[in-house]
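A quick write-up on the structure given underneath.
Protein chains: 2
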Amino acid sequence: MKTQATSQDVARLAGVSQSAVSRCFTAGASVSEAMRDKVQEAARKLGYQPNAHARSLITGRSRIIGLVLSHIENLFYPAVLEQLAQRLQQDGYHLLIFISDGHNADDLVGEILQYKVDGIVLGATTLSSALAQRCADASIPVVLFNRIMAAGSAGSVSSVRSDNLGGGREIARFLVAGGHRRIAYLAGREDSSTNLERERGFREGLAEAGQRIYARAIGNYDVLQARQATRDLFAQAEQRPDAVFVASDQMAIAVLDTLRHELGLAVPQQVSVVGFDNVPQAAWESYALTTFEQPVQPMVEATVELLQSYLRGGAMPNTRNIVIAGQLVLRGSCQNRHQESTT
Amino acid sequence: MKTQATSQDVARLAGVSQSAVSRCFTAGASVSEAMRDKVQEAARKLGYQPNAHARSLITGRSRIIGLVLSHIENLFYPAVLEQLAQRLQQDGYHLLIFISDGHNADDLVGEILQYKVDGIVLGATTLSSALAQRCADASIPVVLFNRIMAAGSAGSVSSVRSDNLGGGREIARFLVAGGHRRIAYLAGREDSSTNLERERGFREGLAEAGQRIYARAIGNYDVLQARQATRDLFAQAEQRPDAVFVASDQMAIAVLDTLRHELGLAVPQQVSVVGFDNVPQAAWESYALTTFEQPVQPMVEATVELLQSYLRGGAMPNTRNIVIAGQLVLRGSCQNRHQESTT
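Just so you know, the sequences run in chain order Z and D.
Reading the first sequence from the start, the letters are residues 1 to 343 in the working numbering.
Reading the second sequence from the start, the letters are residues 344 to 686 in the working numbering.
Okay, here's the thing in structure tokens:
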């Protein structure tokens, strides 16, 4: 391997000072165009690259944000990843990816800390209180994305999520207003804050109208389990549900296919289906899924602002739990049943 | 900001040598359990984190692989990203994400080089010859994923792709064998190697049977443009195509929805549709898209092996262009027309 050129070599060849070379490779530093041309020409000739790692030792900034994800193929996350990466890139930061199986979060965060990241976004899992404390001790800001710490956990970590509670409530009101009387719930992972909040809001919304969940099955945010849950919910032809709220769009799409292509039920004529997320595929005409939108762009913006408030100020932001309002997106998968109930 | 603890501080508190501390934080290094416990206890007390950046200056390894992507929401890439991240993570490497708009590749790679990455995977764009040379000069291996350098470009960069040529040919043979006589092609980006190869193979396969492309429109790998291209291809009720090969599944799904829900044509009864990629959504029952699979797992494995051959050996691998065999996946979007041609 050849010896790597240093900034001193570049300075010598360009006939300028070493600090001038440094300024030429520092974003925002003042330097004349002529100087920049001379230095870049010399750098090119010598194959010199300013070393971001060496710089991070001096400035204490790696310009790396660690992102922990699991199941990127979950339809909600590609847009999150792309928008978060793009937004951070505008500010000169880049995402370093860690894939979690949902159980190894603490190991992964330990590994992330070794990269001296400037911040961590957890989109896969939450943290143990002990590890949250370790991040705080190391002055690394952590943001939970689309989840919150388990109730009663000692550590405090900032979070950004959509209004799962309000969304669940609005879906219940919408289905009740549409004349549904046997409204089922297909749950996601029962230990997840998303499922807990959506279900709680849904129950509250039904209760306002004197209704309760008519039938319930668990899909665990998994497509195959959602298909089985659908079979279970609709096993009895008599008194089957006339509507089902599915805790994620990914599962709701599997529910639609199972109802139509396996069980031979017409959606929305026989069953109304509502999802949660508003993934791009919910708009595909073959599904036309009515769903509650988690607005990716404002959620990403809030996440970056939390990180930036630390990165700019150097002080840890107070723990904040930000809730972004969403909205019900009406498409073709639901039908008003008031007409038919009079026949 | 408090002063950060050094490995010397940890050694002093644990009552061991500094090299013992170093060994405790090096994967695979030999160290007794008692030693590890003592050192980790001291490290925890002092809030000490071994600095991966400082280590990279010593070993010359950052354990970071730069990945350039655009349009992660393109349905083919989430699985690529997840599997590549997971596979590299097993070996202690992580992906640093750069989002390209398709035009700024050279700027981005310059930025990536500042992070002193151990390798670069380009899944969005190809490189200028000049930049390929700069990477080679800096001894950074580069792998193009799902694309090759433009024909006639001077630089040489390794690549991994699926058998686009063979796939196009096999799709042509399949549609011809199915009795189709008016076979259309809906192109992706015309300057992309994927489109060039798929179309060339397709034309060759048709030519074997004395056929040629009956009608052609351009979708540019874009959903809205693919919808418009579908309207153009099927504008005339008389003599409309009886089959269409669409250069990507993402576009093919939009074609299916346009044919069925906008133009009122039955697939496969009136038109057969074939895609390319075999994205997860192609298997969804509402689409049941016949398509040519790009096998993600072997493509990822080949990419990692190319990188590893450098990372293990320290020598640059010779430029290699690896082609992974794919296969036609038959589903419900095509129909054999031999029966009907006799009526």
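We put the beta carbon where it would ideally sit given N, CA and C, even for glycine.
Asked                                                                                                                                       : Found
Under 9 angstroms by beta carbon: chain D residues contacting residue 47 of chain Z                                                         : 477, 480 and 481
Nonlocal neighbours in the same chain, by C-beta distance under 6 angstroms from residue 265 of chain Z, ignoring five residues either side : 259 and 271
Coil, strand or helix - residue 64 of chain Z by DSSP                                                                                       : strand
Beta-carbon spacing of residue 249 of chain Z, residue 290 of chain Z below 8 angstroms                                                     : no
Near-chain D residues of the segment 66-89 of chain Z (beta-carbon distance less than 7 angstroms), N- to C-terminal order                  : 72, 73, 78, 79, 81, 82, 85, 86 and 89
Proximity below 8 angstroms, CB of residue 66 of chain Z to CB of residue 112 of chain Z                                                    : yes
Chain Z contacts made by the segment 346-362 of chain D, where a contact means CB separation under 7 angstroms                              : none
Nearest candidate by alpha-carbon position, reference residue 179 of chain Z, set Z:5, Z:339, Z:17 and Z:7                                  : Z:339
Under the three-state DSSP convention, the category residue 253 of chain Z falls into                                                       : helix
Below-8 angstroms beta-carbon distance, residue 628 of chain D vs any chain Z residue                                                       : yes
Members of the segment 583-601 of chain D that neighbour chain Z once the beta carbon cut-off is set at 9 angstroms                         : 596, 597, 599, 600 and 601
At least three beta-carbon pairs within less than 8 angstroms, the segment 436-451 of chain D to the segment 92-110 of chain Z              : yes
DSSP-derived helix/strand/coil call for residue 437 of chain D                                                                              : strand
Given 8 angstroms, three or more beta-carbon pairs between the segment 583-600 of chain D and the segment 523-539 of chain D                : yes
Selection from Z:251, Z:106 and Z:47 that minimises the alpha carbon distance to residue 287 of chain Z                                     : Z:251
Which listed residue (D:467, D:555, D:508 and D:580) has its alpha carbon closest to that of residue 564 of chain D                         : D:467
The segment 350-363 of chain D in contact with the segment 189-209 of chain Z per 3-pair CB rule at 8 angstroms                             : no
Alpha-carbon spacing of residue 382 of chain D relative to residue 359 of chain D, whole angstroms                                          : 8 angstroms
Own chain partners of residue 131 of chain Z with C-beta closer than 7 angstroms, once the 5 adjacent residues on each side are dropped     : 106 and 109
Residue 337 of chain Z at chain D interface by Cβ criterion, 8 angstroms                                                                    : no
Start-to-end residues for the beta strand (DSSP E) that takes in residue 614 of chain D                                                     : Run containing residue 614 of chain D: none; DSSP gives neither H nor E here.
Beta carbon proximity, residue 308 of chain Z to chain D, threshold 8 angstroms                                                             : no
Residue(s) in a DSSP beta bridge with residue 259 of chain Z                                                                                : Paired residue(s): none; residue 259 of chain Z is not in a bridge.
Other residues of its chain near residue 280 of chain Z: CB distance less than 8 angstroms, five sequence neighbours each side excluded     : 75 and 79
Interface flag, residue 331 of chain Z vs chain D, CB-CB below 8 angstroms                                                                  : no
Residue-chain proximity (residue 344 of chain Z, chain D), Cβ-Cβ < 8 angstroms                                                              : Examination of residue 344 of chain Z is not possible in this model, given that chain Z is present from 1 through 343 alone.
Distance between residue 148 of chain Z and residue 319 of chain Z (C-alpha atoms, nearest Å)                                               : 12 angstroms
Whole runs of the beta strand (DSSP E) within the segment 625-679 of chain D, excluding any shorter than 3 residues                         : 633-636, 664-667 and 670-672
The beta strand (DSSP E) enclosing residue 117 of chain Z, as first and last residue numbers                                                : Counting along the chain, residue 117 of chain Z falls outside any beta strand (DSSP E), and DSSP gives it neither H nor E.
Residue 514 of chain D - containing alpha helix (DSSP H), residue span                                                                      : 507-520
Cross-chain neighbours of residue 624 of chain D in chain Z, by beta carbon under 7 angstroms                                               : 281
Coil, strand or helix - residue 202 of chain Z by DSSP                                                                                      : helix
Minimum C-alpha distance to residue 621 of chain D - residue among D:610, D:649 and D:671                                                   : D:671
Residues that residue 528 of chain D bridges to, as DSSP identifies them                                                                    : D:559 and D:588
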